[in-house]
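Asks: Quick note: the sequence shown uses this note's numbering, first residue 186, plus one each step.
Backbone N, C-alpha and C fix where the C-beta goes; we use that ideal spot for every residue, glycine too.
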Amino acid sequence: MLDLNFVRENLEAVKTALENRNFPTASLDKFVELDAERRRVISEADKINQQRNVLSREIGALMQSGKRAEAETKKAEVAGLRAKQAEFEQKRTKAESEMRELLSGLPNIPASDVPVGADESANVEVRKWSEPKEFDFEPKDHVDLGESLGILNLERAT
186 MLDLNFVREN
196 LEAVKTALEN
206 RNFPTASLDK
216 FVELDAERRR
226 VISEADKINQ
236 QRNVLSREIG
246 ALMQSGKRAE
256 AETKKAEVAG
266 LRAKQAEFEQ
276 KRTKAESEMR
286 ELLSGLPNIP
296 ASDVPVGADE
306 SANVEVRKWS
316 EPKEFDFEPK
326 DHVDLGESLG
336 ILNLERAT
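Put into structure tokens, the structure is as follows:
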């Protein structure tokens, strides 16, 4: 799976690599939308958390000064903020899971020296390990060979 930060920082390179692999790039556009949404939600949740911290300090000061009625109204505010924060946390989790699913569906990025082509006919032979062997008989595949030696029983296996 491609790394979230790598895709975010190298979006154009990833898009080009996907195009070279004949992979649709619409998923990257969706990734950008989800990433922006996730960042927005995290920012909002942080603001709410900051407000909760300020209110909590105010509640402590009000309790020490004996103003319980005002402290109770602030506590109700904090409870409302807590609910809002939980909602943003849910949205963040949803966006992250969608991003993870999207990233897991993207193929790896090919090396820069890989030739670009529409199909496997554009592949270039880089090197050969050895020459293909020439036999004076028709070679058997492993199934025929195993059955003729009596070490494979496909009838029984199914």
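(1) When burial is assigned at 16 or more other CB atoms within 10 Å of the CB, is LYS318 buried or exposed?
(2) Does the Cβ-Cβ distance between ALA230 and GLU283 come in under 8 angstroms?
(3) So for ARG277, helix, strand or coil by DSSP?
(4) I'd like the span of the alpha helix (DSSP H) that includes ALA211, first residue to last.
(5) Rounded to whole angstroms, what is the Cα-Cα separation between LYS200 and GLN270?
(6) Can you name the start and end residues of the alpha helix (DSSP H) that PHE191 belongs to?
(7) Considering Cα atoms alone, identify which of THR343, ARG223 and GLU255 is closest to GLU281.
(8) Residues in its own chain within less than 6 angstroms of ILE294 by CB, not counting five upstream and five downstream?
(9) Could you compute how far the alpha carbon of SER315 sits from the alpha carbon of LEU288?
(10) So, are the CB atoms of LEU266 and ALA256 less than 8 angstroms apart?
(11) Would a C-beta distance cut-off of 8 angstroms place VAL309 and ARG277 closer than the cut-off?
(12) Name the residue from ASN205, ASP220, LEU339 and ARG237 whose alpha carbon lies nearest to the alpha carbon of ASP188.
(13) What residue range does the alpha helix (DSSP H) around GLU310 cover?
(14) In chain order, what residues of the same chain have a beta carbon less than 6 angstroms from the beta carbon of SER333, not counting five sequence neighbours either side?
Replies: Once the coordinates are examined:
(1) exposed
(2) no
(3) helix
(4) 211 to 249
(5) 34 angstroms
(6) 189 to 194
(7) ARG223
(8) ALA202
(9) 39 angstroms
(10) no
(11) no
(12) ASP220
(13) First-last for GLU310: undefined, no H or E at that position.
(14) none
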